[in-house]
Amino acid sequence: MLSNLPIMLSQTDDATAAVATRLQEVRARLARAAATAGRDPTAITLVAVSKTHNRSAVNAAFAVGQVHFAENRVQEAMAKFTDRPASLRLHLIGRLQTNKARDAVAIADVIEGLDRPDLADALARAADRLGRCPELLVQVNTGAEPQKAGVAPAEAPGFIRDMQRRFGACLTGLMCIPPVDADPVPHFRTLARIAAEHGLHGLSMGMSDDFEAAIACGATSIRVGRAIFGTRLRELPATA
Ligand SMILES: *Cc1c(COP(=O)(O)O)cnc(C)c1O
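For reference, each letter of the sequence shown is one residue, going 19 to 258 in the numbering used here.
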């Protein structure tokens, strides 16, 4: 047993170093994309998507200054983040089941998947009871894909206005996940246009492969998983 220890430690150190190195690369890409777009890089929040990765990966990123993390399953988020540094900000991304709303409100600083009235009801009840309202982003299904979460583009204006009336300042922006294999730029532009039409500032868009384009289109928040943590450790269903 003891003879294994140095090897285990060096593997852990390697994994930690790899996260730190990749994080630096992503920060450099973010800075270049902001410069190209003539934007202030500090106006763009890097959200590290840690789904499927363990706490040591999260700790490695946090240790080198990463503040925002995201998970797409409430249970996994609770296991990994219930006990966390006060300065760490936790986002929940993607489809959120209504029966997870209470746990989501209890644990998350930002919920990015508001997309239907029954979920809004459940979140409002939980926020009332728990006396806390996380930041909320409306997810827009810009590609109108039947299998994807998010409010349909045609219904977005009405839904967003309802959510603004209901949640006030807690409703801070919009989020989208463009269709796989499509040019994401028209989707980013659509989201930016809808946000502007509703006076919303927050635009969560762009992932590992396309966040430069999202920054060019005005993203205020990018969600980056693989480029920071490497390949996902298992494939996940799209449900929180
Ligand atoms: C997994 C995930 C990401 C991160 O994707 P990468 O391609 O790993 O950067 C971003 N947004 C959502 C909603 C996700 O589920």
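All residues carry an ideal CB built from backbone N, CA and C; glycine is no exception.
Distance cut-off 7 Å: residue i Cβ against heavy atoms of ligand 1
i      : result
Ala8   : The displayed coordinates of the chain run from 19 to 258. Any statement about residue 8 would go beyond what the structure contains.
Asn90  : yes
Asp227 : yes
Arg45  : no
Lys166 : no
Gly149 : no
Ile111 : yes
Val67  : yes
Ile129 : no
Arg241 : yes
Ile62  : no
Ile212 : no
Ile178 : no
Length of the line joining the Cα atoms of residue i and residue j
i      : j      : result
Ala78  : Leu154 : 27 Å
Val85  : Ile178 : 28 Å
His219 : Thr63  : 13 Å
Ala170 : Leu251 : 31 Å
Thr190 : Asp136 : 19 Å
Thr238 : Arg147 : 30 Å
Lys166 : Asn159 : 7 Å
Pro103 : Met181 : 30 Å
Ala245 : Glu215 : 32 Å
Met26  : Asp101 : For Met26, the predicted structure reports a pLDDT of 47, less than 50, and the residue's modelled location is therefore unreliable. A value from the coordinates is still provided. Spanning the two alpha carbons is a distance of roughly 25 Å.
Asn22  : Arg73  : Annotation note: pLDDT 48 at Asn22 (below 50); position unreliable, no value reported.
Arg211 : Val65  : 22 Å
Phe229 : Gly149 : 35 Å
Proximity below 8 Å, CB of residue i to CB of residue j
i      : j      : result
Leu141 : Val123 : yes
Ala55  : Ala234 : yes
Val242 : Ser226 : yes
Ala95  : Leu114 : no
Phe99  : Ile125 : yes
Cys151 : Gly168 : no
Gly224 : Pro197 : no
Residue interval of the beta strand (DSSP E) (run including residue i)
i      : result
Ala200 : That residue, Ala200, is in no beta strand (DSSP E); it is neither H nor E in DSSP.
Ile240 : 239-242
Ser222 : 220-222
Ala88  : 86-89
Residue span of the alpha helix (DSSP H) that contains residue i, given as start and end
i      : result
Glu173 : Counting along the chain, Glu173 falls outside any alpha helix (DSSP H), and DSSP gives it neither H nor E.
Val67  : Counting along the chain, Val67 falls outside any alpha helix (DSSP H), though it belongs to the beta strand (DSSP E) covering 63-67.
Ile195 : Here Ile195 belongs to no alpha helix (DSSP H), and DSSP marks it neither H nor E.
Val76  : 73-81
Ala283 : Residue coverage of the chain in this structure runs from 19 to 258, which leaves residue 283 outside it and unanswerable.
Ala231 : 229-234
Check: residue i C-beta below 7 Å from any heavy atom of ligand 3
i      : result
Val123 : Ligand 3 is absent from the structure shown, which contains only ligand 1.
Minimum Cβ-Cβ distance from residue i to chain C less than 8 Å
i     : result
Lys69 : Looking for chain C here will not work: only one protein chain is present.
For this session: Report the residue ranges of all alpha helix (DSSP H) runs contained in full by the stretch 93-170; include only those spanning at least 4 residues, in chain order.
Result: 119-125, 135-148
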